[in-house]
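In the working numbering, the protein residues as written are 2 to 335.
By construction, the Cβ of each residue, glycine as well, lies at the ideal position given by its N, Cα and C atoms.
In what follows, a structure is listed as structure tokens, so that the remarks can point back to it.
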């Protein structure tokens, strides 16, 4: 009797999982309509909204189909920019405005290329910065990570959208978010780093917000600066130079060292240098932690948002720091 009950429970779980997975096929997500029903897991409506926000440059950070803090902040920023009540809730009015930004499908089929699946990949990236410095390159750990980052999506959700796909064979077709943001806004003239909201905003000459990115900003140990700065240069595929004066927790050596370039470098794939010594806006090897953790003073974005921002700024672009840092923080490199 016990075995029969257990078997029934297993079959129910499997059938429920299959039903839930079916809700996330291309048709279900592309045709998703507004619903205000609360959900704890991955939701087709939220996933569609995340892709639309990403395309409109109101970045939700990592696309994962879940209602979390970065999604709420992106919705709030979109509402404020469109003269809607900015409460961060995806309501009917906000949904209609968001859907009107683009008629294109949010999930599309993509054929893996040789470049997608070809290494060299990093077999293992150590947690210790001193050990990272021994590697010749901080590359992707595999093709799954590379493809997920390229399409701004969590690896878990990418796997769920493509059951049975190994992501290691060129020519394979996979379902991915359509995240083409188009040309960067030419009207961008300044950047606002909101330390309290943990957001980076790009403004035009009238003060209108044209892009918004979630960010990890400073810490109690090393807070982000205040006042104003300017962009001095943009470095693509940067190396990371550690100065013992930083005295980061967990770094024991008293000597300077350099960590090789790569998307899993501590500052990711982009470094936007600021006129304040040792401070910059940069990418990250851990996009899922953006806006949820703090940094060693710098402003950290996902690699794709940092790369997008790099297209919007130039030498001399004004960067204004506003708001206050949180009272407690868990610092990370950069």
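Nearest residue (CA-CA) to residue i, options the options
| i | options | result |
| --- | --- | --- |
| residue 240 | 121, 74, 137 and 31 | 137 |
| residue 164 | 176, 211 and 171 | 176 |
| residue 244 | 229, 230 and 260 | 260 |
| residue 52 | 134, 65, 42 and 41 | 65 |
| residue 286 | 257, 128 and 160 | 128 |
| residue 159 | 27, 307, 310 and 293 | 27 |
| residue 83 | 72, 171 and 97 | 97 |
| residue 269 | 141, 318 and 229 | 141 |
| residue 305 | 293, 320, 265 and 319 | 265 |
| residue 182 | 59, 114, 319 and 194 | 59 |
| residue 112 | 25, 171, 211 and 131 | 171 |
| residue 253 | 212, 34, 215 and 131 | 131 |
| residue 206 | 187, 293, 216 and 54 | 187 |
Cross-strand partners of residue i (DSSP beta bridge)
| i | result |
| --- | --- |
| residue 112 | 174 |
| residue 60 | DSSP, once it has assigned bridges, lists no residue as partnering residue 60. |
| residue 200 | 195 and 215 |
| residue 243 | 258 |
Residues of its chain near residue i, where Cβ-Cβ distance is below 7 Å and the 5 sequence neighbours each way are ignored
| i | result |
| --- | --- |
| residue 234 | 274 and 316 |
| residue 14 | No answer about residue 14 holds up, because its pLDDT of 43 lies below 50 and its placement is not dependable. |
| residue 226 | 277, 280 and 322 |
| residue 362 | With the chain running from 2 to 335 in the structure shown, residue 362 is simply not present. |
| residue 73 | 89 |
| residue 115 | 171 |
| residue 318 | 191, 192, 231 and 232 |
Neighbourhood of residue i by C-beta distance below 8 Å, restricted to the same chain and skipping five residues each side
| i | result |
| --- | --- |
| residue 77 | 87, 88 and 89 |
| residue 31 | 49, 106, 107 and 108 |
Neighbourhood of residue i by C-beta distance below 6 Å, restricted to the same chain and skipping five residues each side
| i | result |
| --- | --- |
| residue 145 | 156 and 168 |
| residue 313 | 185, 189 and 203 |
| residue 288 | 63 and 303 |
| residue 282 | 273 and 300 |
| residue 68 | 47 |
Where residue i falls: helix, strand or coil (DSSP)
| i | result |
| --- | --- |
| residue 47 | helix |
| residue 193 | strand |
| residue 283 | strand |
| residue 319 | strand |
| residue 179 | coil |
| residue 314 | coil |
| residue 324 | coil |
| residue 289 | helix |
| residue 205 | strand |
| residue 66 | coil |
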